[in-house]
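Visitor:
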Amino acid sequence: MRALTGRSARQRHGRFLAEGPQAVREAVAAGAALELYATAEAAARHPGIVAGAPRVWTVTDEVLAAMTDTVTPQGLVAVCPTTTADLDEVLATQPRLVAVLNEVRDPGNAGTVLRAADAAGADAVVLTSSSVDVFNPKCVRSTAGSLFHLPVVVGIPLADLVTALQRTGSTVLATDGEGEFDLDDLADAAALGAPGRIDLRRRTAWVFGNEAAGLDEAERVLADAVVRVPLHGRAESLNLATAAVVCLYASARAHRAPSPTRPS
Numbered sequence: 003m004r005a006l007t008g009r010s011a012r013q014r015h016g017r018f019l020a021e022g023p024q025a026v027r028e029a030v031a032a033g034a035a036l037e038l039y040a041t042a043e044a045a046a047r048h049p050g051i052v053a054g055a056p057r058v059w060t061v062t063d064e065v066l067a068a069m070t071d072t073v074t075p076q077g078l079v080a081v082c083p084t085t086t087a088d089l090d091e092v093l094a095t096q097p098r099l100v101a102v103l104n105e106v107r108d109p110g111n112a113g114t115v116l117r118a119a120d121a122a123g124a125d126a127v128v129l130t131s132s133s134v135d136v137f138n139p140k141c142v143r144s145t146a147g148s149l150f151h152l153p154v155v156v157g158i159p160l161a162d163l164v165t166a167l168q169r170t171g172s173t174v175l176a177t178d179g180e181g182e183f184d185l186d187d188l189a190d191a192a193a194l195g196a197p198g199r200i201d202l203r204r205r206t207a208w209v210f211g212n213e214a215a216g217l218d219e220a221e222r223v224l225a226d227a228v229v230r231v232p233l234h235g236r237a238e239s240l241n242l243a244t245a246a247v248v249c250l251y252a253s254a255r256a257h258r259a260p261s262p263t264r265p266s
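Laid out in structure tokens, this is it:
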């Protein structure tokens, strides 16, 4: 169990750990919990979670602490399969909103973006080659259970992914502080029903780059457009997860807005 906190063991066994009531609850609800380890106190506090698990082991606090890498475990740990989605199957559903993480290395950032994508109603999240392992314990905790809510595709080279998205009708938007298009302008145009070349009401995939380096020129030119999030105050920039939330919700709002009435 403790070994599953490491990537090589997760790959070897095809298993990962979900820790804490929120993540374990969603794992059990999704049918992804193969077995559950719970302290007596946690089992009494969360009977619904325990009742839904296919196999339950009662353990002491010391045993549970030895299984995980958290300083203060919350009494519940589920073992789940490292199952990911197939890109072709995801694209066959004609997803309206996709979040793409390109060479994102920080597990907390990746998990937060996945959680934001779930909250914004995205249809899938894709992590390109060289990105963090989505089953990293910190990443799993940061998703707050959203990992079990939507398809996650991993290990796709960015160029291949962009080609596949464009071929199936999605507009691919890269994010960069120096982007040609202002997100506020795109959102306003979509709300008024007067979009230009880039229409947020269309099926869209947002590409977010590495925390430190962002997207390089060769990666930006793959996209249909490069969009910047406007900075109205004195902050120099937004971090990856915050920028992703803003962009994903701009698309979510455009997708769900009623048909605009043009002014006379």
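Following the working numbering, the numbering of the sequence shown begins with 3 at its first residue and continues without gaps. Just so it is clear, CB atoms sit at the ideal spot from N, CA and C, and this is done for glycine as well. None of these values were measured; they are calculated from a predicted model.
Mind the definition here: the segment 147-160 touches the segment 73-87 only if three or more C-beta pairs lie below 8 Å; say whether that holds.
Guide: yes
Visitor: Where does Arg17 sit, in a helix, a strand or coil, going by DSSP?
Guide: strand
Visitor: Which term fits Thr2, buried or exposed, when burial requires 16 or more other beta carbons within 10 angstroms of its beta carbon?
Guide: Given a span of 3 to 266 for the chain in the structure shown, any question on residue 2 remains unanswerable.
Visitor: Out of curiosity, what's the CA-to-CA distance linking Gly50 and Arg230?
Guide: If you draw a straight line from the Cα of Gly50 to the Cα of Arg230, it is about 45 Å long.
Visitor: Identify which residue in Asn138, Leu103, Leu99 and Val228 has its Cα closest to the Cα of Leu175.
Guide: Val228
Visitor: When you compare only the Cα positions, how much space is there between Ala67 and Ala225?
Guide: 45 Å
Visitor: Under the rule that 16 or more other beta-carbon atoms within 10 Å means buried, what is Ser132, buried or exposed?
Guide: Classification for Ser132: exposed.
Visitor: Is it buried or exposed for Asn241, if we count other Cβ within 10 angstroms and need 16 for buried?
Guide: exposed
Visitor: Rounding to the nearest angstrom, what Cα-Cα distance links Ser266 and Ala196 in this structure?
Guide: In this prediction, Ser266 scores a pLDDT of 44, lower than 50, which makes its location untrustworthy; no coordinate-derived value is stated.
Visitor: Does Pro49 come out as helix, strand or coil in the three-state DSSP assignment?
Guide: helix
Visitor: Using CA atoms only, rank isn't needed, just tell me which of Leu233, Thr244 and Leu19 is closest to Asn138.
Guide: Leu19
Visitor: For the alpha helix (DSSP H) containing Ala118, name the first residue and the last one.
Guide: Note, Ala118: alpha helix (DSSP H), Pro109 to Ala121.
Visitor: Hey, would you say Ala34 sits closer than 9 Å to Phe150, going by beta carbons?
Guide: yes
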